[in-house]
Amino acid sequence: MAYRVVQWNVGNVGRRAIIAIQRNPNLELVGCFVRADEKAGQDAGTLAGIEPMGIVATQDAEALLALKPDCVSYNGLWANVDDFCRILERGINIVTTSAFITGHALGDEQRQRILDACEKGNSSIFGSGIHPGFSSLIGLVAAGLCDRIESVSVLESVDATGYASKETWESCGFGLPVTTPGLSDTLREGSKVFSEGVRVAGMALQIPFDDIQFQAEFSAAVEDCDFGFMRIDKGCVAGVDAAWQGIYRGRPVVELKYRWKMGKQVEPDYPLHEGYVVNVTGRPNVNFTLKHSLPEDEKPRNAIEAMQSNLMTTALPAINAIPALCAAPAGIRTYADLPLITGAGFVV
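So the sequence shown is residues 1159 to 1506, counted in my numbering.
Shown next as structure tokens:
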């Protein structure tokens, strides 16, 4: 019997979530929530760029909760604690890509609200994505080959030009002059969910971190750049090289790093791996680069189309977790306590 799912928000990632739900026989889309007036009343399939599904998008959240779905696929840009609690209190589970993994970055009070809502509704919530999220899992799997672990590091190193989300980039300082005071603090705040990914790795490795630290370096555009969805002028932030580090016994033991660049030229420049570089230092040392791309029959014609692969790998870790989450005990669930999550239902 298929799990009944309501899609909550239909943006870049939400569209890929709808497509995934439609393609998986283990899942059934029963409703779709949107905030924008221009999206309300449209078919969910149409909003996702596929054939109509017979599910009309609505702004009536209460009507969707009354459907009593097994799970909500929540793909807003940021964690909305009010939304989360409203859904969880009704006994509905949530998988989300909305800057939420453990909830610690939201603060103790907001995290406790979510835990209380889970208890009230006997429901659970799981947050992931590709990085942070799935990246913690692949680092942990690699560390499972070792009998001594000195450090685990995962670096996302990509050309982010095709990710058309002005709000995301501005929250991380992109487009601001590199001389802007407090620039590192802006990026820290905009990427603090990475600290939760570090925390999950620490939980799984049973490491009592002394601290979780952040460091970053910025690169500037060497010419004015207009990407269509936003503009970055010469001398403004167009690249970052940053790391969130779990400190144990005075040294970084877990690192989640990101190296993002927009446009062809930044200064200082740095090489991109166009993938996820996993390094486990220990016995033995383990290292590899995870890459993903669209199949040959969907070969992208531009950066925006190429980014669809990234959007899929953001949406699918959450979508594929729905069966495991629906069977899990109430509370905030992570890769540290859920069973193996696979792509069941997608084999052709």
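All C-beta atoms in this analysis are idealised placements derived from N, C-alpha and C, irrespective of residue type, glycine included.
When you compare the CB positions of residue i and residue j, do they come within less than 8 Å of one another, or not?
i, j, result
"Ala1202", "Cys1190", "yes"
"Trp1166", "Val1230", "yes"
"Gly1285", "Gly1291", "yes"
"Phe1387", "Ala1322", "yes"
"Leu1414", "Val1312", "yes"
"Ala1257", "Val1351", "yes"
"Ala1379", "Asp1368", "no"
"Ala1494", "Ala1362", "yes"
"Val1489", "Leu1185", "The question names Val, but residue 1489 in the sequence shown is Gly. Their beta carbons are not under 8 Å apart, which means Gly1489 does not touch Leu1185 by this criterion."
"Gly1283", "Glu1354", "The question names Gly, but residue 1283 in the sequence shown is Ile. No, they are not a contact pair."
"Tyr1434", "His1262", "no"
"Gly1503", "Asn1182", "yes"
"Gly1360", "Thr1344", "no"
"Val1411", "Ser1293", "no"
"Glu1456", "Asp1317", "no"
"Arg1193", "Leu1223", "no"
Decide if residue i is buried, meaning its Cβ has at least 16 other Cβ atoms within 10 Å, or exposed.
i, result
"His1450", "exposed"
"Met1110", "Any question about residue 1110 goes unanswered here, given that the chain covers just 1159 to 1506."
"Glu1209", "exposed"
"Thr1447", "exposed"
"Leu1498", "exposed"
"Leu1144", "Look at the range of the chain in this structure, 1159 to 1506, and you will see that residue 1144 is not part of it."
"Tyr1428", "exposed"
"Ala1400", "buried"
"Asp1266", "exposed"
"Val1505", "exposed"
"Pro1453", "exposed"
"Gly1302", "exposed"
"Asp1228", "buried"
"Gly1169", "buried"
"Gly1501", "exposed"
"Arg1174", "buried"
Beta-carbon within less than 6 Å of residue i's beta-carbon, same chain only, minus the 5 sequence neighbours each way: which residues are those?
i, result
"Thr1255", "Val1171, Asn1233, Gly1287, Thr1472 and Ala1476"
"Phe1115", "Residue 1115 falls outside the range modelled here, since the chain spans only 1159 to 1506, and no answer is possible."
"Ala1482", "Leu1496, Pro1497 and Ile1499"
"Trp1327", "none"
"Ser1329", "Gly1348"
"Glu1314", "His1289, Tyr1416 and Tyr1434"
"Gly1404", "Val1356, Gly1360, Phe1367, Ile1370, Val1411 and Val1412"
When you measure from the CB of residue i to every non-hydrogen atom of the ligand ZN, does any distance come out below 7 Å?
i, result
"Asn1233", "Among the components of this structure there are no ligands whatsoever, and the ligand ZN is therefore not found."
Tell me which residue opens and which closes the beta strand (DSSP E) that residue i is part of.
i, result
"Asp1399", "Val1395 to Tyr1406"
"Cys1190", "Leu1185 to Phe1191"
"Gly1348", "Segment Leu1341 to Gly1348 is the alpha helix (DSSP H) holding Gly1348; no beta strand (DSSP E) there."
"Gln1307", "Residue 1307 is actually Ile in this sequence, not Gln. Looking at the DSSP string, the run of the beta strand (DSSP E) that includes Ile1307 is Arg1306 to Asp1317."
"Ile1252", "Asn1251 to Thr1254"
"Gln1373", "Asp1369 to Ala1379"
"Val1351", "That residue, Val1351, is in no beta strand (DSSP E); its alpha helix (DSSP H) goes Val1351 to Leu1363."
"Gln1165", "Tyr1161 to Trp1166"
"Leu1448", "Val1444 to Leu1448"
CB-CB under 8 Å to residue i, same chain, minus the five flanking residues each way: which ones, in chain order?
i, result
"Leu1187", "Val1163, Val1164, Gln1165, Ile1176, Ile1179, Gln1180, Ala1202, Met1211 and Ile1213"
"Gly1408", "Asp1368"
"Ala1277", "The amino acid occupying residue 1277 in the given sequence is Glu; Ala does not appear at that position. Ala1488 and Gly1489, listed in sequence order."
Excluding the five sequence neighbours on either side, which residues of its own chain have a C-beta within less than 7 Å of the C-beta of residue i, listed in chain order?
i, result
"Ile1462", "Gly1320 and Ala1322"
"Cys1304", "Val1438, Gly1440, Arg1441, Pro1442 and Val1444"
"Leu1264", "Ala1237 and Val1239"
"Gly1421", "Thr1319, Ala1379, Cys1383, Ile1390 and Ala1396"
"Glu1325", "Leu1235"
"Met1465", "Gly1320 and Tyr1321"
"Arg1271", "Val1239 and Cys1243"
What residue does the alpha helix (DSSP H) around residue i start on, and which one ends it?
i, result
"Pro1410", "Where Pro1410 is concerned, there is no enclosing alpha helix (DSSP H), although the beta strand (DSSP E) it sits in stretches over Arg1409 to Lys1419."
"Cys1330", "It is not in any alpha helix (DSSP H) - Cys1330 carries neither H nor E in the DSSP assignment."
"Ile1176", "Asn1170 to Arg1181"
"Asn1468", "Gln1466 to Ile1477"
"Ser1294", "Ser1293 to Ala1301"
"Val1505", "Premise fails: Val1505 is in no alpha helix (DSSP H) and is neither H nor E."
"Val1245", "Note that residue 1245 corresponds to Ile in the displayed sequence, not to Val. Residues Val1239 to Glu1247."
"Arg1269", "Asp1266 to Gly1279"
"Ile1208", "Unbroken run through Ile1208: none, as it is neither H nor E."
Strictly under 8 Å for the Cβ-Cβ distance: is residue i near chain D by that measure?
i, result
"Ala1198", "The structure shown contains no chain D, having only a single protein chain."
State whether the segment 1335-1350 contacts the segment 1393-1401, with contact taken as three or more CB pairs (one from each stretch) at a distance under 8 Å.
-> yes
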